[in-house]
Amino acid sequence: MALPYTVEVVEDCHVSPPPNSVPPTSLPLTFFDVPHLLVPPVERIFFYEYPHPSLHFTNSILPSLKHSLSLTLQHFFPLAGTLIYPPHPTKPHILYADGDSVSFKIAESTGDLAHLLSNYQRDVTEFHSLVPHLPPLRVSSDANVKGNPLLALQITIFPNSGICIGITSSHVVADGRTSIHFMKSWASIFRSQGDLSCIEKSLPFYDRSVIEDPKGLQTIFLNQYWSWWPSTKEGTTAPISVPIEGKIRATFVMGRHDIEKLKQWISTQCKNLNESQPLHLSTFVVTCAFIWVCLVKSQGSVTSNIDQSSSDEDKLYRFAFVADRRNHHELCVPIRYFGNCLTVHYVQAERGVLVGENGVIGAAKAIGSKVKELESGVLRGAEKWLSDIKELFGMGNYLSVAGSPKLGVYETDFGWGRPRKVEVVHIDVSGAISLAECRDEEGGIEVGVALSRIEMEAFISIFEQGRQKFHIC
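Shown next, in the form of structure tokens:
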């Protein structure tokens, strides 16, 4: 699809930490990092109001943005480094050397910012030009060692309207908390005009020894990874999916009142049906349960007209999510830990349960029970994480979650005010939904969804019908 506007790159450069500010450093991959070798890059965009012409941005803002980014990378230096693939069987690792840098592009758009900021349906391709691609594979002079850059940034100016900051990062180097920690630190240093004291109490923590591995999970995962994708032994990453043409995206807001009414409806229905209450009825549980059911119903309403077998009530559908284990009493990993500290979980339910009259209850019970289990046994079943991910990727009929309301993405303030909108762009590739805190209402959640146009129309109808249903109780 041709874009209704243009996005022109006006500057393509690189930004490094200050010279000689960071010694050459090698970071091993922990067992929390290795599973993300299978995962495509993470793409997120932050929109800000900036009612000034492009020249004002170029002269007044851009030099300070570059300088503050350089200072931020001094403390988040692995992002400027490279994911190294030495000859097998040497383990991949992250390497930073003096002079390493991140790709930094400046672009200008003729697009309608108000349209992009909206919650209604927009073609997914309208967002692709706002996020950069990671630079290509780096190869050593002797071609014996290959490596992938880990971070790319792009700032797109909408003259007299706003600014969009696009970030693309490898999930191997950083999970959501680390990525947003980096963005908030950059914003703070920019706001403080380069005064690093503003982040003294929130510097990233790099000691990998806090990630204990008594089960040898790192070795287990690497052996599985190499056996499934032999080409990765030579430094080629696992296959990456491509976006499906014709998809559109929209944002659905579950306000605090909506969430409370949904919790009440689930509790009331369980009492009326003489069923047990879900073990854990949190905002995350009820929101995900409701969205999961709406998506399964919307997909079924479209495919059932084409292939009656798709409505088989015994077919299993899966819901996958991750849990941040920082500050958990069993691991003692600090909240500022740099890298990945996520455990992988999924639940499953038959289609007949999910699309039934009380499908949201069944979904909430399944998700709530799994969340309740997370209070203990952090590494229970960890040996299967990678095989579970591979299985989920291959089977279809699964939904996953990108982002979390706990990340606080709307707290990323460069001095232009809070972001007007934050979007997770890669959900149109992964098929996930995105979750973020609601910008305009404390206790609410923004849910990002990317579907085909016909599925989106069905989803909107089912979503609104469902919301009306639980508001009546």
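Under this note's numbering, think of the first position of the sequence shown as 19, with each following residue one higher. A virtual CB, placed ideally from N, CA and C, is assigned to each residue, including glycine. In this text the structure is predicted, and so the values were computed from the model without any measurement.
Less than 8 Å separates the beta-carbon of alanine 307 from that of alanine 381.
Annotation for isoleucine 238: Glu401 place their beta carbon closer than 7 Å to its own, counting only its chain and skipping 5 residues before and after. Under the criterion of beta carbons closer than 8 Å, glutamate 331 and arginine 274 do not qualify as touching, at roughly 34 Å. Fully enclosed alpha helix (DSSP H) runs of no fewer than 4 residues occupy 143-146 of the region 132-204, in order along the chain. Distance check between leucine 83 and each of Gly386, Trp204, Leu155 places Trp204 closest, using alpha-carbon atoms only. In this structure glycine 412 is exposed. Its beta-carbon is surrounded by fewer than 16 other beta-carbon atoms within 10 angstroms.
Cβ-Cβ separation between isoleucine 173 and isoleucine 217: approximately 21 Å, too far for a contact (criterion under 8 Å). In this structure the region 147-158 touches the region 50-67; the number of beta carbon pairs closer than 8 Å is three or more. Listed in chain order, the alpha helix (DSSP H) elements of length 4 or more contained wholly in the region 58-94 are 80-93. Taking C-beta atoms as the reference points, threonine 196 and phenylalanine 356 count as a pair closer than 8 Å. Only buried fits threonine 305, as 16 or more other CB atoms lie within 10 angstroms of its CB.
Cβ neighbours of leucine 299 within its own chain (closer than 8 Å, five residues either side excluded): Lys281, Ile284, Ser285, Ala382, Gly386. Proximity of the region 467-478 to the region 433-441 falls short of the contact definition, fewer than three beta-carbon pairs being nearer than 8 Å. Within the same chain, Cβ atoms closer than 7 Å to the Cβ of serine 422 are found at Gly194, Leu453, the five residues on either side in sequence being excluded. Sequence-distant partners of valine 52 (beyond 5 residues in either direction) whose C-beta falls short of 7 Å from its own C-beta, in its chain, are Gln236, Phe239, Leu240, Tyr243.
Judged by DSSP in its simplified three-state form, serine 316 adopts helix.
Within a 10 Å sphere around the beta-carbon of glutamine 211 sit fewer than 16 other beta-carbons, which makes this residue exposed.
Ranked by how close their Cα comes to the Cα of tyrosine 103, the residues Leu97, Pro96, Leu113, Ile480 have Leu113 in first place. Each of Val314, Glu391, His346, Ser405 was checked against the Cα of alanine 367, and the nearest Cα belongs to Val314.
Taken through DSSP and simplified to helix, strand or coil, glycine 466 comes out as strand.
If you draw a straight line from the Cα of glycine 414 to the Cα of proline 37, it comes to about 48 Å.
The beta carbon of phenylalanine 223 is closer than 8 Å to those of Pro352, Arg354, Tyr355, Phe356 in its chain, skipping five residues each way along the sequence. DSSP places threonine 100 inside the beta strand (DSSP E), whose first and last residues are 100-103.
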